[in-house]
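Residue numbers for the sequence shown follow numbering that gives the first Met the number 0, so the first one is 0 and each next one is one higher.
This report refers to the structure that appears directly beneath it.
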Amino acid sequence: MMLRRALNIGCMAAASLMLASCASTQSASPSADEVVAGGIAVVALSDEPDTLDPTVANTFVARVVFTAFCEKLYDSNDSLELVPQLAASLPVTSADGLTVDIALREGILFNDGTPFNADAVKITLDRNLTLDTSSRKKELAALQSVEVVDENNIRLILSRPFSPLGAQLADRAGAIMSPTALETLGLDFGTDPVCVGPFDFTDRVPGSEINFAKSDYYYDKDLVELDGVTYKFITDPNIRAANLRSSDLNVAERLNASDVDQLGADGVDVRSVSAIGYQGLTINIDPTMSSSPLASSVELRKAFELSIDRDALNAVVFAGQTTPDCVPLPKQMAFRPDDIQCVDFDPDAARALVEASGETLPIPVELLIPARPTDQKTAEVIQQMANDVGFDVTIKPVEFVSALDLGRAGEFDMFLIGWSGRMDPDGDLNDLLTTGGTNNYSRMADSEVDSLISEAASVTEPDARQDLYAQVLDRIDEIKPLIYLYHDTWFLGLDGITGVEYSADAIPRFKTAELTK
Numbered sequence: 000m001m002l003r004r005a006l007n008i009g010c011m012a013a014a015s016l017m018l019a020s021c022a023s024t025q026s027a028s029p030s031a032d033e034v035v036a037g038g039i040a041v042v043a044l045s046d047e048p049d050t051l052d053p054t055v056a057n058t059f060v061a062r063v064v065f066t067a068f069c070e071k072l073y074d075s076n077d078s079l080e081l082v083p084q085l086a087a088s089l090p091v092t093s094a095d096g097l098t099v100d101i102a103l104r105e106g107i108l109f110n111d112g113t114p115f116n117a118d119a120v121k122i123t124l125d126r127n128l129t130l131d132t133s134s135r136k137k138e139l140a141a142l143q144s145v146e147v148v149d150e151n152n153i154r155l156i157l158s159r160p161f162s163p164l165g166a167q168l169a170d171r172a173g174a175i176m177s178p179t180a181l182e183t184l185g186l187d188f189g190t191d192p193v194c195v196g197p198f199d200f201t202d203r204v205p206g207s208e209i210n211f212a213k214s215d216y217y218y219d220k221d222l223v224e225l226d227g228v229t230y231k232f233i234t235d236p237n238i239r240a241a242n243l244r245s246s247d248l249n250v251a252e253r254l255n256a257s258d259v260d261q262l263g264a265d266g267v268d269v270r271s272v273s274a275i276g277y278q279g280l281t282i283n284i285d286p287t288m289s290s291s292p293l294a295s296s297v298e299l300r301k302a303f304e305l306s307i308d309r310d311a312l313n314a315v316v317f318a319g320q321t322t323p324d325c326v327p328l329p330k331q332m333a334f335r336p337d338d339i340q341c342v343d344f345d346p347d348a349a350r351a352l353v354e355a356s357g358e359t360l361p362i363p364v365e366l367l368i369p370a371r372p373t374d375q376k377t378a379e380v381i382q383q384m385a386n387d388v389g390f391d392v393t394i395k396p397v398e399f400v401s402a403l404d405l406g407r408a409g410e411f412d413m414f415l416i417g418w419s420g421r422m423d424p425d426g427d428l429n430d431l432l433t434t435g436g437t438n439n440y441s442r443m444a445d446s447e448v449d450s451l452i453s454e455a456a457s458v459t460e461p462d463a464r465q466d467l468y469a470q471v472l473d474r475i476d477e478i479k480p481l482i483y484l485y486h487d488t489w490f491l492g493l494d495g496i497t498g499v500e501y502s503a504d505a506i507p508r509f510k511t512a513e514l515t516k
């Protein structure tokens with residue numbers, strides 16, 4: 000990959016945001032069908048979420064579920080711009096960038112009746128910073144302390160200017176939990192979570208479903224028409240599609256691109272977004288944890304990338320619907336360098352590097368994947384390509400959350416795993432590539448990358464930030480802890496339901512949804 004310095008700023012959103020969305024962003028428009036009062040919307044997720052504790056959670060499907068019951072200080076709109084949710088207005092940052100004031104909405108209750116106020120916000124943010132198992136520490140690393148100004152205002156004291164702060168508070172770091180529930184449940188908060196949201200957690204059946212009922216306390220409950228939402232875990236996209244056709248589901252996420260035309264012909268409403276996330280191959284580059292030659296050889300990692308034909312992978316597995324790419328920042332992100340050239344598929348060059356390595360051929364590589372049909376098919380295509388140049392790839396399918404646990408523990412050679420994408424580039428780089436990051440499965444530890452990412456987050460001037468991120472991408476390419484493959488196009492199927500919000504973050508929201516017949 001060659002990263003060139005021809006940098007171009009797109010649109011500017013609120014202070015910390017620099018995304019120009021090119022997604023197909025829509026909500027399901029009212030159909031000619033008759034709206035049904037109440038009822039339970041049944042939604043199929045592609046995986047089972049991990050814990051429903053925002054401080055600890057790490058999966059995209061958990062982010063989907065959180066929208067039902069756990070609102071944040073901020074959210075993103077259809078253009079991926081920062082908008083207030085539990086906050087009353089956008090954050091106000093001091094001239095030196097070290098103090099951020101946030102006004103809070105008044106008169107709001109958590110779903111257990113506890114008042115939402117500045118004390119509650121402080122309790123949540125302090126927990127995110129201090130809990131041993133917190134996945135939010137890196138995201139809020141610049142946050143030094145939280146001060147309660149009065150009942151409806153908080154002040155965040157930063158150790159350095161931090162441009163991505165708003166974007167982080169529009170994700171799980173800004174999801175505010177009931178202090179009453181936290182006091183009662185402590186580390187078990189995720190077993191019976193309570194936040195502010197249109198729906199209230201009812202129960203979870205492991206391996207099957209999570210159930211929610213309409214909240215009696217929600218400040219906008221007059222807009223909520225559904226009696227509840229049930230999220231079912233169906234890992235096979237073919238089964239999700241079949242259950243849509245049979246009307247056993249109202250909504251199914253991440254459908255196969257190859258099923259879209261037929262689903263439409265069968266009367267299913269299919270929505271799409273050009274997702275801001277990516278899919279890639281994470282390589283364990285810590286030789287003390289992986290015995291694979293890939294762990295200690297950049298040249299072999301380069302050879303593996305040269306063996307992959309991204310365009311063929313897109314055609315064979317995804318019917319040409321993904322966007323092949325070699326960097327984590329999506330093409331609609333304005334901080335992305337304007338002229339990126341990915342390395343060409345070159346099996347001869349890959350074979351030469353493999354033969355020059357001195358390793359006994361073929362070189363064994365165990366590829367960990369989530370046990371899902373699309374990931375299996377993707378892995379088989381990669382296996383065939385890599386084996387053709389001298390690798391010996393074996394595929395290890397593991398249930399999704401268990402695969403994440405293995406990744407976090409460093410028990411893999413290579414891991415086919417994606418990232419759902421964030422509003423600010425810091426969210427696509429920091430925790431995944433800096434030393435000690437919660438999602439740094441590759442075990443990358445590079446002081447130059449750490450310094451560049453930290454500096455980019457501290458800078459507010461757009462051109463300077465963009466140049467720093469270009470340097471980050473250059474350095475990542477030199478080390479190659481990940482081989483980025485593509486950005487997704489995700490398809491959402493809707494049957495017997497209207498009013499579902501579905502925008503560029505690829506998260507369906509059901510606050511204004513209604514069932515139809």
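Even glycine gets a Cβ: it sits at the ideal position worked out from N, Cα and C.
* To do: Identify whether Lys-545 lies in helix, strand or coil by the three-state DSSP scheme.
  => The requested residue 545 is not part of the displayed model; the chain covers only 0 to 516.
* To do: Would you mind sorting Asp-222 into buried or exposed? The rule is 16 or more other CB atoms within 10 Å of its CB.
  => For the sequence presented, residue 222 should be read as Leu rather than Asp. Classification of Leu-222: exposed, given that the 10 Å Cβ count is below 16.
* Within 8 Å, strictly: CB atoms of Ile-520 and Leu-72 -> Examination of residue 520 is not possible in this model, given that the chain is present from 0 through 516 alone.
* Classification of Glu-138 by the beta-carbon crowding that lies within 10 angstroms, buried from 16 upward -> With 16 or more Cβ atoms within 10 Å of its Cβ, Glu-138 is classed as buried.
* **Extent of the continuous beta strand (DSSP E) to which Tyr-277 belongs** => Its beta strand (DSSP E) spans residues 277-282.
* By how many angstroms is the C-alpha of Ala-370 removed from the C-alpha of Glu-517? -> Because the chain here runs from 0 to 516, residue 517 falls outside it and cannot be looked at.
* Please say whether Met-422 and Ala-166 have beta carbons closer to each other than 8 Å? => For Ala-166 and Met-422, yes; Cβs fall inside 8 Å.
* **Span separating the alpha-carbon of Ile-153 from that of Ala-311** => Approximately 52 Å, taken between the alpha carbons.
* Touching by the beta-carbon criterion (3+ pairs, under 8 Å), the region 155-164 and the region 199-209 -> Between the region 155-164 and the region 199-209 there are fewer than three inter-stretch CB-CB distances shorter than 8 Å, so the stretches are not counted as touching.
* If you drop the 5 nearest sequence neighbours on each side, which residues of the same chain put their C-beta closer than 6 Å to that of Ile-233? -> Closer than 6 Å at Cβ, skipping near neighbours: Ala-43 and Arg-239.
* **Sequence-distant residues of the same chain with beta carbon closer than 7 Å to Thr-515, five excluded per side** => For Thr-515, where only same-chain residues beyond five positions count, the Cβ hits under 7 Å are Ser-30, Asp-32, Glu-33, Val-34, Val-35, Gly-495, Ile-496 and Thr-497.
* Are at least three pairs of beta-carbons, each pair with one atom in the region 427-439 and one in the region 310-325, less than 8 Å apart? -> No, the region 427-439 is not in contact with the region 310-325.
* Whose C-beta lies closer than 6 Å to the C-beta of Gly-96 among residues of the same chain, with five residues either side of it excluded? -> Pro-160, listed in sequence order.
* To do: Would you kindly report the start and end of the unbroken alpha helix (DSSP H) that includes Ile-122?
  => Residues 117-129.
* Pro-29 - DSSP class collapsed to helix/strand/coil -> Residue placement at Pro-29 is flagged as unreliable, the pLDDT there being 42, under the threshold of 50; a coordinate-derived value is accordingly withheld.
* Could you work out which residue in Leu-186, Ala-67, Leu-128 and Asp-487 is closest to Thr-330 when comparing CA atoms only? => The question names Thr, but residue 330 is Lys in the sequence shown. With distances taken between Cα atoms, Lys-330 lies closest to Asp-487.
* Output the distance between the C-alpha atoms of Ser-295 and Leu-352, rounded to the nearest integer angstrom. => For Ser-295 and Leu-352, the distance between alpha carbons rounds to 14 Å.
* Asked: Closest by CA to Asp-131, which one among Gly-185, Ile-175, Leu-81 and Ser-177?
  -> Cα-wise, what sits closest to Asp-131 is Gly-185.
* For Ala-541, which of helix, strand or coil comes out of DSSP? -> Since the first and last residues shown for the chain are 0 and 516, residue 541 lies out of range.
* Expected contact under 8 Å - CB spacing of Ser-133 and Phe-490 to nearest Å -> Here Ser-133 is actually not in contact with Phe-490; their C-beta atoms are around 33 Å apart, not less than 8 Å.
* Given Ala-212, which residues of its chain have a CB within under 7 Å of its CB, disregarding the five upstream and five downstream residues? -> Cβ neighbours of Ala-212 within its own chain (closer than 7 Å, five residues either side excluded): Phe-198, Asp-199, Thr-201, Asp-226 and Gly-227.
* Asked: In the DSSP assignment, what residue or residues form a beta bridge with Tyr-73?
  -> In the DSSP output, where bridge partners are listed per residue, Tyr-73 has Pro-83.
* Asked: Under a Cβ-count criterion, where at least 16 other Cβ atoms within 10 Å of its own Cβ denotes burial, should Gln-84 be classed as buried or exposed?
  -> Buried, since its Cβ has 16 or more Cβ neighbours within 10 Å.
* Is the CB-CB distance between Val-448 and Thr-433 below 8 Å? -> Yes, Cβ-Cβ distance for Val-448 and Thr-433 is below 8 Å.
* Hey, is Glu-358 close to the ligand GDP, as in C-beta under 7 Å from one of its heavy atoms? -> Here there are no bound small molecules, and the ligand GDP is not part of this structure.
* To do: Figure out for me which residue from Leu-428, Met-443 and Ala-408 has the closest Cα to the Cα of Gly-417.
  => The shortest C-alpha separation from Gly-417 is found at Leu-428.
* Could you tell me the distance, in whole angstroms, from the CA atom of Ala-22 to the CA atom of Ser-419? => Per-residue confidence for Ala-22 stands at a pLDDT of 40, beneath the threshold of 50, marking its modelled position as unreliable; the derived number appears in the next sentence. Each residue's alpha carbon lies about 14 Å from the other.
* Asked: With 16 other CB atoms within 10 Å as the buried threshold, where does Gly-183 fall?
  -> The amino acid at residue 183 is misidentified as Gly; the sequence shows Thr. Burial state of Thr-183 is exposed, judged by a 10 Å Cβ sphere holding fewer than 16 other Cβ atoms.
* Asked: Distance, Cα to Cα, Ala-456 vs Pro-163?
  -> Their Cα atoms are separated by approximately 6 Å.
* Between Thr-24 and the rest of its own chain, which residues show a CB-CB distance below 6 Å, the 5 nearest in sequence each way excluded? -> Only weak support exists for where Thr-24 lies, its pLDDT of 39 falling under 50; the coordinates are left without a value.
* Residue from Asp-430, Asp-149, Met-384 and Val-388 whose Cα sits closest to the Cα of Ser-453 -> Ranking Asp-430, Asp-149, Met-384 and Val-388 by CA distance to the CA of Ser-453 puts Asp-430 first.
* What's the gap between the Cα of Glu-146 and the Cα of Ser-246? -> Taking the straight line joining both Cα atoms gives about 50 Å.
* Tell me whether Val-148 is buried or exposed, calling it buried when 16 or more other Cβ atoms sit within 10 Å of its Cβ. => Val-148 is exposed by the Cβ-count criterion.
* What are the residues that DSSP puts in a beta bridge with Thr-434? -> Paired residues: none, contrary to the question.
* What does Met-176 pair with, by DSSP beta-bridge criteria? -> Note: Met-176 sits in a beta bridge opposite Cys-194.
* Count the other C-beta atoms from every protein chain shown that fall within 10 angstroms of the C-beta of Glu-105, then say buried if there are 16 or more, exposed otherwise. => Exposed, because fewer than 16 other Cβ atoms sit within 10 Å of the Cβ of Glu-105.
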